[in-house]
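> Please see the structure below; I have some questions.
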Amino acid sequence: MTGFNDQVIEEFRRSKGKLGGMFEGWQLILLTTIGAKSGERRTNPLGYLEIDGKIVVVASNMGAPAHPGWYHNIRRDHRVTIETGIETYEAVAAVPPAAERDALFAKIVAAEPGFAEYQAKTTRVLPVVILHRIDDRVRGLGDFLVEVHDWLREELKTLRAGVDDLVAGRADTLFMEKSLRAHCVSFCEALTEHHTGEDMGAFPMLAQRFPALAPVLTELGEDHVVVADLQKRIRKLVEGYVHGESDPVRLRDEFDALAGTLEAHFAHEERTLVAALNVTAPG
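Numbered as in this note's numbering, the sequence shown ends at 424 without a single skipped number.
Below, the structure is given as structure tokens:
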């Protein structure tokens, strides 16, 4: 099969996507994934359909009892490359929830009845995969995430500067204490709301649509627990400082720990989630 695939791939690229013989008239793409076990790039010619403006492929494996290798690959790494014959672009592969999958599969069968025959041959549910093109010109939820992170970064920077002023005695102490406490409460509430929204909404949605992200999402959720603990310690220290019970140097050290932890968390989140979020419709 590998030799046959190689011949099809070579002809596809040479003829700019126009194949003859048994594939004449077919809508084909070349899908390149990252091998789940090997970590190497794997390219497969696949038939595709355009349903409701979405590029859709089915992991039919011609009705065989096991999923094709490329499907296992996208469950490990959702980043893929698509060749149409006239252009090559990066995309992310999303696995829709069951209800959405069933609706899509009904439309697929209406357009290509052969997929119903493949489904009848096997007891497994044939997976439907949506291939979302990554387009830097289109703003999405991922860009909004970065904007929220940047706002939180600036707020934390302002708080840290206020702590420095207190430690150095550069401002009216009573005014700065009250201002710091109010600003700290506001920042902690905003950060908690942001992370709760991710834990309850964005992360479960991404885990369902992009199974490859599950380990990353678990790590990010664990980061939220660490950040929440740092926030509690800082709020306790701020309250203690206002009442003359806390060491300002220790307060500054805790802010530094929070800033370092948050920056590593934000960077990891942006590196791994922005592309997937940008192709995910809100709501």
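The C-beta atom is built at its ideal place from N, Cα and C for all residues, glycine as well. Since we're looking at a predicted model, the values are computed, not measured.
1. Nearest to THR173 by CA position, among VAL221, GLY188, ALA234, is which residue?
2. Suppose the cutoff is 8 Å on Cβ atoms and the five residues either side in sequence are ignored; what does the same chain contact list for ILE249 look like?
3. In whole angstroms, what separates the C-alpha of GLY180 from that of VAL368?
4. Output needed for PRO209: all residues of its chain with C-beta closer than 6 Å, excluding positions within five of it in sequence on either side, in chain order.
5. Start and end of the beta strand (DSSP E) containing GLY188?
6. Can you grab the Cα-Cα spacing for the pair LEU403 / GLY194, in whole Å?
7. Rounding to the nearest angstrom, what Cα-Cα distance links ALA205 and ALA417 in this structure?
8. Can you give me the C-alpha to C-alpha distance between ALA400 and VAL236, rounded to a whole angstrom?
9. Quick check: the Cα distance between ARG412 and LEU371, rounded to an integer number of angstroms?
10. Keeping to the same chain, check which residues put their C-beta closer than 7 Å to that of VAL308; ignore five residues upstream and five downstream.
11. Please list the terminal residues of the continuous beta strand (DSSP E) segment that includes LYS157.
12. In the DSSP output, which residue or residues are listed as bridge partners for GLU224?
13. Shortest alpha-carbon distance to ALA302 belongs to which of VAL289, LEU293, LEU321, GLU228?
14. To the nearest angstrom, how far is it from the Cα of HIS406 to the Cα of THR359?
15. Return yes when the Cβ of HIS213 is within less than 8 Å of the Cβ of LEU354, no when it is not.
16. Do you know how far the Cα of ALA252 is from the Cα of HIS335?
17. May I ask which residues mark the beginning and end of the beta strand (DSSP E) holding LEU272?
18. From the DSSP output, read off the bridge partner residues of ALA234.
With the structure as the only source:
1. VAL221
2. LEU190, ILE192, VAL197, VAL199, PHE256, VAL269
3. Computed Cα separation, rounded: 33 Å.
4. ALA200, ASN202
5. 182 to 188
6. Roughly 38 Å between the two C-alpha positions.
7. 30 Å
8. 35 Å
9. 23 Å
10. PRO389, VAL390, ARG393
11. LYS157 -> no beta strand (DSSP E), and no H or E assigned at all.
12. LEU171, THR229
13. Nearest option by C-alpha distance: LEU321.
14. 12 Å
15. no
16. Separation of HIS335 and ALA252 (C-alpha to C-alpha, rounded to the nearest whole angstrom) is 42 Å.
17. 269 to 274
18. LEU272
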